[in-house]
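These notes concern the structure reproduced below.
Numbering (my numbering), first residue to last: 258 to 519.
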């Protein structure tokens, strides 16, 4: 019994040994020393976290809306109108002299369609690069001033007019029965109202009704109206519906203008 107790006590005592220590006398003692605290392991970085973020759905960048173009300024850059400024509400006709726009509500008439001068003698008419042309006595007229013999009627599309002195009456078409006049100046026949910007007679090569400025899909465009000397944009002959940009150079006759929307 005594031997068994000794064995049990020895085992318990040895189980508590965690570190051996030698004293100065050379004896080895079993001592119970606390375990040193170990530094906690740093978490390993997630490989996915080092990757750049995946692009998500992007919000489309919408450019600022352009203001509606309603007016244009022309600044003389060379020629007789150097340094002068002209502006007008679109659409407008650029003219050398006094003209008046006469509206005939007919869908087959262009805007503008023709020039008409009701002089003291025989009237004169000029097609302005219209879609359906000008017809007198069954013949389509060229794009130049033509004398109309007394008693002959003039057709603009489906509209037909009969001239009496400085007035005329619509005798066919949607505006049948309309009476227009009398007129002292050259008139522009158009299916809709147009403004007129008068330059003056300083450049004789600019026609009475030279070019049309208008807006299509908020884009400034021009159309030469069968003018005497034509219209050029940045040195090139203008097309029928030439699109314009700010700063374009517009040449009429011997004069040049810089375009600036207002």
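Just so you know, even glycine gets a beta-carbon here, dropped at the ideal spot from N, CA and C.
Where residue i falls: helix, strand or coil (DSSP)
{"i": "residue 458", "result": "coil"}
{"i": "residue 487", "result": "coil"}
{"i": "residue 333", "result": "strand"}
{"i": "residue 285", "result": "Only weak support exists for where residue 285 lies, its pLDDT of 40 falling under 50; the coordinates are left without a value."}
Exposed unless 16 or more other CB atoms sit within 10 angstroms - verdict on residue i
{"i": "residue 420", "result": "buried"}
{"i": "residue 384", "result": "buried"}
{"i": "residue 364", "result": "exposed"}
{"i": "residue 478", "result": "buried"}
{"i": "residue 342", "result": "exposed"}
{"i": "residue 406", "result": "exposed"}
{"i": "residue 388", "result": "exposed"}
{"i": "residue 436", "result": "exposed"}
{"i": "residue 442", "result": "exposed"}
{"i": "residue 499", "result": "buried"}
{"i": "residue 481", "result": "buried"}
{"i": "residue 348", "result": "buried"}
{"i": "residue 327", "result": "exposed"}
{"i": "residue 465", "result": "buried"}
{"i": "residue 339", "result": "exposed"}
{"i": "residue 457", "result": "exposed"}
Own chain partners of residue i with C-beta closer than 6 angstroms, once the 5 adjacent residues on each side are dropped
{"i": "residue 358", "result": "445, 447, 451"}
{"i": "residue 403", "result": "382"}
{"i": "residue 345", "result": "452, 454"}
{"i": "residue 337", "result": "459, 460, 512"}
Test item: CB-CB of residue i and residue j under 8 angstroms
{"i": "residue 425", "j": "residue 438", "result": "yes"}
{"i": "residue 356", "j": "residue 432", "result": "no"}
{"i": "residue 352", "j": "residue 454", "result": "yes"}
{"i": "residue 391", "j": "residue 366", "result": "no"}
{"i": "residue 350", "j": "residue 517", "result": "no"}
{"i": "residue 334", "j": "residue 463", "result": "no"}
{"i": "residue 370", "j": "residue 413", "result": "yes"}
Close Cβ partners of residue i (< 7 angstroms) along its chain, the five nearest in sequence each way excluded
{"i": "residue 394", "result": "409"}
{"i": "residue 489", "result": "495, 508"}
{"i": "residue 519", "result": "328, 329, 330, 344"}
Chain C within 8 angstroms of residue i, Cβ atoms only
{"i": "residue 496", "result": "In the displayed structure, chain C is absent; only one protein chain is listed."}
Next on the checklist: Restricting to runs no shorter than 3 residues, where is the beta strand (DSSP E) found entirely within the segment 344–369?
Outcome noted: 349–352, 356–360
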